[in-house]
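What follows is a single structure, written as structure tokens, with notes after it.
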Amino acid sequence: DGFRNYVGGRLPMSVEAMLVDRAQLLTQTAPEMTVLVGGLRVLGANHGGSKHGVFTDRPGTLSNDFFVNLLSMATIWDPASEPGSDEVYEARDRKTKEIRWTGTRTDLIFGSHAQLRAFAEVYASA
Numbered sequence: 016d017g018f019r020n021y022v023g024g025r026l027p028m029s030v031e032a033m034l035v036d037r038a039q040l041l042t043q044t045a046p047e048m049t050v051l052v053g054g055l056r057v058l059g060a061n062h063g064g065s066k067h068g069v070f071t072d073r074p075g076t077l078s079n080d081f082f083v084n085l086l087s088m089a090t091i092w093d094p095a096s097e098p099g100s101d102e103v104y105e106a107r108d109r110k111t112k113e114i115r116w117t118g119t120r121t122d123l124i125f126g127s128h129a130q131l132r133a134f135a136e137v138y139a140s141a
């Protein structure tokens, strides 16, 4: 379930494709899916209390921090260094190289997919 950042076992398709598939089953538009995922992340509504995708210093506060921090040019995204973390990436400060957040492929699709990035940029500017 990409909405709650849950991945369990082997999957028949990528986590990004599963997120879009689930959104279509819920009859959500792409902008609705984008804002829902961003809102759930800053509220900390992840499976098992995971911190992946909670790109904010104010968890629990509904804000546009998910989009602002995901798209920030002050951040470098690298694959996580821990073993067995194929789906996890680390957000490092460009200057200090300090890890600020972690995110999954599901989170990063909003920065890498052209259409979803356009929606994320609109929400980041709000």
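Using my numbering, you'd call the opening residue of the sequence shown number 16 and step up by one each time. Cβ coordinates follow ideal geometry from the N, Cα and C atoms, glycine included. Please read these numbers as outputs of a predicted model, since none were measured by experiment.
Beta-carbon separation (whole angstroms), residue i vs residue j, contact threshold 8 Å
i, j, result
"GLU71", "ASN84", "Looking at the sequence shown, residue 71 is not Glu but Thr. 7 Å between Cβ atoms; contact."
"GLY126", "ALA135", "7 Å"
"LEU86", "GLY75", "The pair is not a contact, with the Cβ atoms about 22 Å apart (cut-off 8 Å)."
Residue range of the alpha helix (DSSP H) that includes residue i
i, result
"ALA9", "The first residue shown for the chain is 16 and the last is 141, placing residue 9 beyond what the model contains."
"ASP101", "Segment: none, ASP101 is in no alpha helix (DSSP H) and carries neither H nor E."
"GLY53", "45-58"
"MET36", "Note on identity: in this sequence residue 36 is Asp, with Met being the wrong assignment. That run of the alpha helix (DSSP H) goes 30-40."
"ALA141", "From DSSP, ALA141 is part of no alpha helix (DSSP H); its letter is neither H nor E."
Heavy atom of the ligand GTP within 7 Å of residue i beta-carbon
i, result
"HIS128", "The ligand GTP is not part of this structure, which contains no ligands at all."
Contact check, residue i vs residue j, beta carbons under 8 Å
i, j, result
"GLU102", "THR119", "yes"
"GLN43", "LEU55", "no"
"ALA38", "LEU131", "no"
"ALA95", "ARG109", "no"
"ASN79", "ALA141", "yes"
"ARG73", "ASP93", "no"
For residue j and residue i, the rounded distance between their alpha carbons
i, j, result
"ALA133", "PRO27", "28 Å"
"PHE82", "ILE124", "11 Å"
"TRP116", "GLU47", "24 Å"
"ILE91", "GLY64", "24 Å"
"GLY53", "HIS67", "12 Å"
Chain-order list of residues whose beta-carbon lies under 7 Å from that of residue i (same chain, five-residue window excluded)
i, result
"GLU31", "ARG120, THR121 and ILE124"
Start and end residues, beta strand (DSSP E) containing residue i
i, result
"GLY118", "114-119"
Spatial neighbours of residue i in its chain, beta-carbon cut-off 8 Å, leaving aside the 5 residues before and after
i, result
"SER29", "ARG120"
"GLU97", "VAL103"
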